[in-house]
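Accompanying notes for the structure given below.
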Amino acid sequence: MHWLDFTVIGVYMLGVAGIGVWTSRMIRGTDDYFLGGRSFGKVFAIFLQFGTGTSSDMPVSVSRESFRNGMSGIWAVLLWLFITPFYWIIGPWYRRLRMVTIGDFFAERFQSKALGAAYAAFSVFYFMYYIAIGLTAVGKTVEVMTPIPESSYSAEQLACVEAYRNYAVLEREFEEGRELGEGQLEELELLREQNQAGAIQSQFSYLDSHTVVPAIAVVILVYAILGGLKAAVITDFIQGVLIIVLSFIIIPFGLREVGWFSGLHQRVPEHMFNLLGSQQTSDYSLLFIVSIVLINLVGIVVQPHMIQVCGSARDETAARVGLTYGNYLKRLCTVGWALVGVIGFALYAHEVSDPDMIWGYTTLKLLPVGIVGLMIAAMLAAIMSSADAFMVSGSALFTMNLYRPLRPASSDSHLVWVGRITTAFIIIGGVVLSQRLHSVIELLKYIWTLPVIFGAVFWLSFLWRRVTLPAAWCSVVFTLLFSFVLPVVLPLSDRVATRESLLEGTAPQQVEVLVGADSSDVAAGLADKIGELINKQGPVPSTPIFFRQLRTGRDGGMRGEGKFRTGVWLLTVLGADFRNATRATLEAATFLMDAVLPFIVLFVVSLLTAPVEPKALQRFYSRVHTPVHADPELDRRELDASYADPERHAGRILFPGTNWMMLRPDRADILGFVAATVVAGAIVGLVFLVAGITWP
Numbered sequence: 064m065h066w067l068d069f070t071v072i073g074v075y076m077l078g079v080a081g082i083g084v085w086t087s088r089m090i091r092g093t094d095d096y097f098l099g100g101r102s103f104g105k106v107f108a109i110f111l112q113f114g115t116g117t118s119s120d121m122p123v124s125v126s127r128e129s130f131r132n133g134m135s136g137i138w139a140v141l142l143w144l145f146i147t148p149f150y151w152i153i154g155p156w157y158r159r160l161r162m163v164t165i166g167d168f169f170a171e172r173f174q175s176k177a178l179g180a181a182y183a184a185f186s187v188f189y190f191m192y193y194i195a196i197g198l199t200a201v202g203k204t205v206e207v208m209t210p211i212p213e214s215s216y217s218a219e220q221l222a223c224v225e226a227y228r229n230y231a232v233l234e235r236e237f238e239e240g241r242e243l244g245e246g247q248l249e250e251l252e253l254l255r256e257q258n259q260a261g262a263i264q265s266q267f268s269y270l271d272s273h274t275v276v277p278a279i280a281v282v283i284l285v286y287a288i289l290g291g292l293k294a295a296v297i298t299d300f301i302q303g304v305l306i307i308v309l310s311f312i313i314i315p316f317g318l319r320e321v322g323w324f325s326g327l328h329q330r331v332p333e334h335m336f337n338l339l340g341s342q343q344t345s346d347y348s349l350l351f352i353v354s355i356v357l358i359n360l361v362g363i364v365v366q367p368h369m370i371q372v373c374g375s376a377r378d379e380t381a382a383r384v385g386l387t388y389g390n391y392l393k394r395l396c397t398v399g400w401a402l403v404g405v406i407g408f409a410l411y412a413h414e415v416s417d418p419d420m421i422w423g424y425t426t427l428k429l430l431p432v433g434i435v436g437l438m439i440a441a442m443l444a445a446i447m448s449s450a451d452a453f454m455v456s457g458s459a460l461f462t463m464n465l466y467r468p469l470r471p472a473s474s475d476s477h478l479v480w481v482g483r484i485t486t487a488f489i490i491i492g493g494v495v496l497s498q499r500l501h502s503v504i505e506l507l508k509y510i511w512t513l514p515v516i517f518g519a520v521f522w523l524s525f526l527w528r529r530v531t532l533p534a535a536w537c538s539v540v541f542t543l544l545f546s547f548v549l550p551v552v553l554p555l556s557d558r559v560a561t562r563e564s565l566l567e568g569t570a571p572q573q574v575e576v577l578v579g580a581d582s583s584d585v586a587a588g589l590a591d592k593i594g595e596l597i598n599k600q601g602p603v604p605s606t607p608i609f610f611r612q613l614r615t616g617r618d619g620g621m622r623g624e625g626k627f628r629t630g631v632w633l634l635t636v637l638g639a640d641f642r643n644a645t646r647a648t649l650e651a652a653t654f655l656m657d658a659v660l661p662f663i664v665l666f667v668v669s670l671l672t673a674p675v676e677p678k679a680l681q682r683f684y685s686r687v688h689t690p691v692h693a694d695p696e697l698d699r700r701e702l703d704a705s706y707a708d709p710e711r712h713a714g715r716i717l718f719p720g721t722n723w724m725m726l727r728p729d730r731a732d733i734l735g736f737v738a739a740t741v742v743a744g745a746i747v748g749l750v751f752l753v754a755g756i757t758w759p
């Protein structure tokens, strides 16, 4: 990179660190540090949500998936679009809770500090994991954008890169179903082990992730520890604008290089512009998209930072607008990220061995000096804007739900310092995890499922007063075991990993796809010119049904490796047949089971166990049914009136006389939800429009 790029990055990082120092002077208590004094209006609420929800892994993961699958890869992030209208409904829930953390919700709703503490422990791990994904993404991007010229490699570095290139070729041939000799298979197995251990790599860089990630963490620590959520909001506003601009600035440079949209369609197979993806070849079939929308709808409500995003708003309207339209800003950026991946495929399909690096590689190749530095600054902005809010949220959970119950006499200033120490612990944990993580998209899929542990409990306990504490614990423990522990532990057992009935794979298929002709097709008389669209037969290799992959063991026998699909196994026991399924169908079945089973456990156990103490439930629902007023004193008086008269809002309940506690939607609910749905439809229309443009 040019010295000007490094200057831009340095000035930016010093600027956001300075904001943290400045805002630290405004912190007077836990409400200021954890919730910004509940003072943010609509604009800041929008950018807080946009910044919090837009991490550096998102442009990397979307461009990666569109590089691999075409425009259908956009669903790696755009899946949230269909959930977003519901944010208009749930946004006020968090503000009406009038709590600092979601752990407070579980503690009060079930009269169980232990359940609140369990959620807090889950959240700290969740934030470490999510921050690690973003750090991994930005680390890979900076690596690919600061390469050492191959002519400057040492003999050892050159051998390492050559080994990786050989591994990439063999792996690609294996995945395409080509027959490999015995020696090639042995070599591939050895190279796989070396790649997993990090012993071989595709390139060497002046700035690798071991240097970049800790440096980013230090800057985040400065302004998040000192300034809390106020620093996060101000930097999110600045970083949000930067991310929006730079999400689209690369596109005209790429289109000019490829020959604009007409040239793009000539260079890229036509099926890569199919938004739903091929049922046989794409990872993003319609069923898969439905499944990830459902599982994320279940889990989104307990993403730990949600209460900071909505609870810090001045009133319910600001909470709604911020949560809903801050996310729509991100959805618009997603369109640009996907298009960059397709442009990258057209230009650099044979130059990039790791799809995670296509965003950084395209930036390096296409953008002029100075703008490259701005793009890296935008990537830093994305991880910083997410990490700062995540760290503050995680520290709030630890402080209020784990530490304060043990030290109830602690002063506000003492709790703020505990929060700051926890913030440092979370980012350090994220840095450590980022050094051990590899595929960004696989980690993202794991994060889709993780909130389901508490998601079903939140949804049902908010809407149905009959949910009991034993049912909540049973649902949490069952989901943890079924969706997370067993899939990892079972493949470690030789009895499971080598069981013949579990080593089945789907039937191989031959599919016809529309692609642009290459020189060999022209030579064979299949096309008149390179780029002409022709139909070609292609193989879809067998996919393991129950394991992520099958390997040949040292004894020559087959064994399953990777996560075990417990949901697919259970459906098979119940009579389902997956032998003709696709990989996307197997993934969809797993997500659907993970989303539905916790609700079944909740319903069954709740009906068999004693409910929570009625007076505690009465007080809880009086709180969440009382609208929020921007004036804190007036809001306090309204809340006291509801506590004194629990039946005050009974006329607004949709199903009076039952245990179902949802309120009747009012005019603002209905009109806002309809408007949000229209915006979602408009964004879908925009995506189809972009995918279909063939001129100029």
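Residue numbers (the working numbering): 64 to 759.
Idealized CB from N, CA, C, for every residue including glycine.
Between T387 and Y150, the C-beta gap is smaller than 8 Å, which places the two residues in contact. Between the C-alpha atoms of V282 and G78 there is a straight-line separation of about 10 Å.
If you draw a straight line from the Cα of P554 to the Cα of F610, it is about 8 Å long. By the Cβ neighbour-count rule, P571 is exposed, with fewer than 16 other Cβ atoms within 10 Å of its own. Minimum Cα-Cα distance from A459 among the listed residues M442, W480 and I446 corresponds to W480. Here T380 is buried. Its C-beta has 16 or more other C-beta atoms within 10 Å. Under the three-state reduction of DSSP, G423 is assigned to helix.
For Q681, the enclosing alpha helix (DSSP H) stretches over residues P677 to V687. In this model, Q681 and P709 are separated by some 6 Å (Cα to Cα). With a beta-carbon spacing of about 5 Å, S669 and V530 fall inside the 8 Å limit used to define contacts. Taking the C-beta atoms as reference points, Y347 is found no nearer than 8 Å to N643. When DSSP states are grouped into helix, strand and coil, G623 belongs to the strand group. Taken through DSSP and simplified to helix, strand or coil, T635 comes out as helix. Your pair V201 and L443 checks out as a contact, with CB atoms roughly 7 Å apart and the cut at 8 Å. With 16 or more neighbouring CB atoms inside 10 Å of its own CB, K393 falls in the buried class. M191 is positioned such that its CB atom lies closer than 8 Å to that of I489. Beta-bridge analysis with DSSP links L613 to G623. Apart from sequence neighbours up to five positions away, the residues of its chain that approach L634 with a beta-carbon distance below 8 Å are F641, A652 and M656, ordered along the chain.
Each of P148, S272 and P604 was checked against the Cα of I746, and the nearest Cα belongs to P148.
From the listed residues G362, Y157 and A412, the smallest Cα separation to P661 is found for G362. Out of F145, V140 and P607, the CA that lies nearest to the CA of R628 is found in P607. Residues of the same chain with a CB within less than 6 Å of the CB of L338, apart from the 5 flanking positions on each side, are M134, S135 and A754 in chain order. In the DSSP annotation of this structure, the continuous segment of the alpha helix (DSSP H) that includes L141 starts and ends at W138 to L141. With respect to K176, A170 sits close: the two C-beta atoms are nearer than 8 Å. Note that the C-beta distance between V71 and L437 is below 8 Å. For Y150, the enclosing alpha helix (DSSP H) has its first and last residue at T147 to L160. The region 265-276 and the region 198-215 touch, with no fewer than 3 CB-CB distances between them shorter than 8 Å. When C-beta atoms of the region 220-230 are compared with those of the region 467-481, fewer than three pairs fall below 8 Å, so the two segments do not count as touching. No Cβ-Cβ contact shorter than 8 Å links I510 with V364. Assigned with DSSP and collapsed to three states, Q220 falls in helix. The straight-line gap separating the alpha-carbon atoms of D698 and V691 is approximately 6 Å. Approximately 23 Å separates the beta-carbon atoms of G197 and I314; this is outside 8 Å, ruling out the contact. Residues of the same chain with a CB within less than 6 Å of the CB of V140, apart from the 5 flanking positions on each side, are M121, V125 and T397 in chain order. Secondary structure of G493 (DSSP, three-state): helix. Its Cα nearest to that of E650, the residue L349 stands out among A519, L349 and G619.
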